[in-house]
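*Asks:* In our numbering, the protein residues as written are 2 to 89.
C-beta atoms are modelled at their ideal positions from N, C-alpha and C, and glycine is treated no differently.
These numbers come from a predicted model, not from an experiment.
Okay, structure coming up:
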């Protein structure tokens, strides 16, 4: 697990935890990119995002929306996406 975010549907991060070293400017950029990636997807879309531009080439985003909150995990290829989704 590389990062965990709880972001409301307005884009304001509520909980942010990075497990890798990232500068403050990179953190803000990553949070906004992750929010835009999750927010633009429809309700019937898959909860997995493979976007190499956000966190690196070996990372995936697993998220779920509950009411007005996005729970987002950024994981590497070694993690199981369905296991993380079940954890959420």
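Between the C-alpha atoms of residue 43 and residue 65, what's the straight-line distance to the nearest angstrom?
*Replies:* Walking along the chain shown from the start, residue 43 turns up at place 42. Walking along the chain shown from the start, residue 65 turns up at place 64. Distance between the alpha carbons of residue 43 and residue 65 is about 12 Å.
*Asks:* Would you kindly work out how many angstroms separate the C-alpha atoms of residue 5 and residue 18, rounded to a whole number?
*Replies:* Numbered from 1 along the chain shown, position 4 holds the residue referred to as residue 5. Numbered from 1 along the chain shown, position 17 holds the residue referred to as residue 18. One C-alpha to the other measures close to 5 Å.
*Asks:* In whole angstroms, what separates the C-alpha of residue 33 from that of residue 12?
*Replies:* For the purposes of this step, residue 33 is taken as residue 32 along the chain shown, with counting starting at 1. For the purposes of this step, residue 12 is taken as residue 11 along the chain shown, with counting starting at 1. If I take the Cα positions, the gap works out to 7 Å.
*Asks:* Rounded to a whole number of angstroms, what is the C-alpha to C-alpha distance between residue 89 and residue 82?
*Replies:* Translated into positions along the chain shown, residue 89 becomes position 88. Translated into positions along the chain shown, residue 82 becomes position 81. Each residue's alpha carbon lies about 11 Å from the other.
*Asks:* Considering residue 34, what are the terminal residues of the alpha helix (DSSP H) in which it resides?
*Replies:* Sequence index remark: in the chain shown, residue 34 carries index 33 (1-based). Element bounds for residue 34: 25-40.
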